[in-house]
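K.L.:
Residue numbers (this note's numbering): 4 to 399.
1) In whole angstroms, give me the CA-to-CA distance for residue 239 and residue 176.
2) Between 337, 27, 41, 19, which lies nearest to residue 7 when the distance is taken from Cα to Cα?
3) Report yes or no: do three or more beta-carbon pairs, one from the stretch 212-223 and one from the stretch 137-156, lie closer than 8 Å?
4) State the start and end residues of the unbroken beta strand (DSSP E) segment that holds residue 283.
5) Please report how far the alpha carbon of residue 162 lies from the alpha carbon of residue 324, in whole angstroms.
6) Contact between the stretch 263-277 and the stretch 92-112: three or more CB pairs below 8 Å?
7) Measure the alpha-carbon distance for residue 137 versus residue 76 and round it to whole angstroms.
8) With DSSP as the reference, label residue 67 as helix, strand or coil.
9) Taking residue 142 as the reference, which of 154, 174, 209 has the closest Cα?
10) Taking just the CA atoms, how far does residue 326 sit from residue 302?
11) Distance, Cα to Cα, residue 228 vs residue 237?
12) Taking the alpha-carbon of residue 174 as reference, which of 183, 180, 275, 164 has the nearest alpha-carbon?
13) Hey, residue 122 and residue 128: beta-carbon distance below 8 Å or not?
14) Roughly how far, in whole angstroms, is the beta-carbon of residue 50 from the beta-carbon of residue 341, given that I think they are within contact range, below 8 Å?
15) Which residue wins for smallest C-alpha separation from residue 231, given the options 106, 99, 203, 58?
16) Tell me, to the nearest whole angstrom, how far the beta carbon of residue 40 is from that of residue 13; I am working on the premise that it is less than 8 Å.
17) Anyone know if the C-beta pair for residue 219 and residue 243 falls short of 8 Å?
18) As an exercise, report each continuous beta strand (DSSP E) stretch of at least 3 residues that is fully enclosed by the stretch 234-299, in chain order.
19) Three-state secondary structure (DSSP) at residue 13?
20) The ligand GDP and residue 101: does the residue's C-beta get closer than 7 Å to at least one heavy atom of that ligand?
21) Got a sec? Which residues, its chain only, sit under 6 Å from residue 153 by beta carbon, not counting five neighbours each side?
22) Compare the beta carbon distance of residue 320 and residue 308 with 8 Å and say whether it is the shorter of the two.
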């Protein structure tokens with residue numbers, strides 16, 4: 004009988020409740036127990052986990068590594084999926100291996116390259132992957148120069164932090180004066196150039212921004228699973244064009260993604276995003292971690308989280324080809340349970356971590372006014388999914 008697997012996700016995105024669901028629904032029916040930690044007691048990942056702790060605040064990266072090693076040893080963690088302080092953690096891979104924990108994370112070199120978007124653009128350009136024109140901006144004068152150059156070429160300028168994730172800080176520059184139109188409807192990513200210049204001139208410290216043209220859709224986000232031998236096991240593109248989402252295996256997206264994942268040691272799960280610059284696909288961003296939308300590959304009959312855990316445990320799943328490509332879809336939100344009580348927060352100077360709080364029972368479906376969820380709610384909700392599954396399961 005196969006032993007259970009203990010997996011830890013630290014301070015991760017709320018969407019990774021679906022990552023956890025997929026681990027539990029693994030095709031081998033192997034028992035998986037999930038430990039989660041977060042800085043927010045109301046994060047749904049804490050409620051979705053089997054055991055959970057609130058993370059201490061104010062830890063330096065080095066101190067966080069010590070905290071993580073303690074969690075792994077005390078909780079008997081087999082596979083650790085680090086998001087917070089990933090770079091610091093992967094630099095201590097041997098110490099985690101010594102306590103019996105495999106890191107589902109890239110090499111230290113890859114983590115360092117893709118932590119800074121400008122370093123990343125320089126690195127991938129060197130191996131022949133197209134990138135858009137870009138400027139590193141730290142002052143108002145540098146911003147104006149970059150914006151004027153882009154506008155002279157017929158482009159809209161946008162900016163975002165050189166280091167960041169999840170679209171935080173992304174803005175599009177406009178010269179349209181601020182008016183009541185800006186106060187109607189939902190907040191917009193557009194910001195007036197003079198407002199940004201004024202903010203930079205008043206700033207007490209320089210910024211570190213990447214300025215580039217606003218790229219066009221479609222956006223294609225390639226989810227990759229790569230072994231420690233630098234060989235791709237899985238690569239599937241998720242397309243986005245407005246609300247419409249879909250999947251692709253076209254080589255114009257997959258080939259550069261493979262080149263990046265295999266060439267830079269992006270081991271295990273990574274997400275490599277492209278958009279259009281004119282008529283050419285160019286790199287948008289590289290995430291050296293599982294994407295929040297990774298679970299959407301279930302619409303193609305793929306359980307990527309479980310394949311990654313297998314790989315981390317030394318159980319190579321081999322090359323994975325989607326048995327089918329799911330039809331186009333859109334994404335909607337839904338309710339997710341929270342823990343009914345606040346978990347006491349561990350202080351950074353507290354010698355013993357607090358015991359875990361067991362997850363509460365699932366919210367009864369009838370209290371939400373919905374039917375019980377199927378085994379794979381994302382897949383089952385798709386029109387024609389049952390027919391596609393029957394077709395895929397039929398003998399040749």
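A virtual CB, placed ideally from N, CA and C, is assigned to each residue, including glycine.
P.N.:
The structure says:
1) 33 Å
2) 27
3) yes
4) 283-290
5) 36 Å
6) yes
7) 44 Å
8) helix
9) 209
10) 10 Å
11) 5 Å
12) 164
13) no
14) 5 Å
15) 106
16) 5 Å
17) no
18) 235-244, 247-251, 271-280, 283-290
19) strand
20) The ligand content of the structure shown is nil, which means the ligand GDP is not present either.
21) 160, 216
22) no
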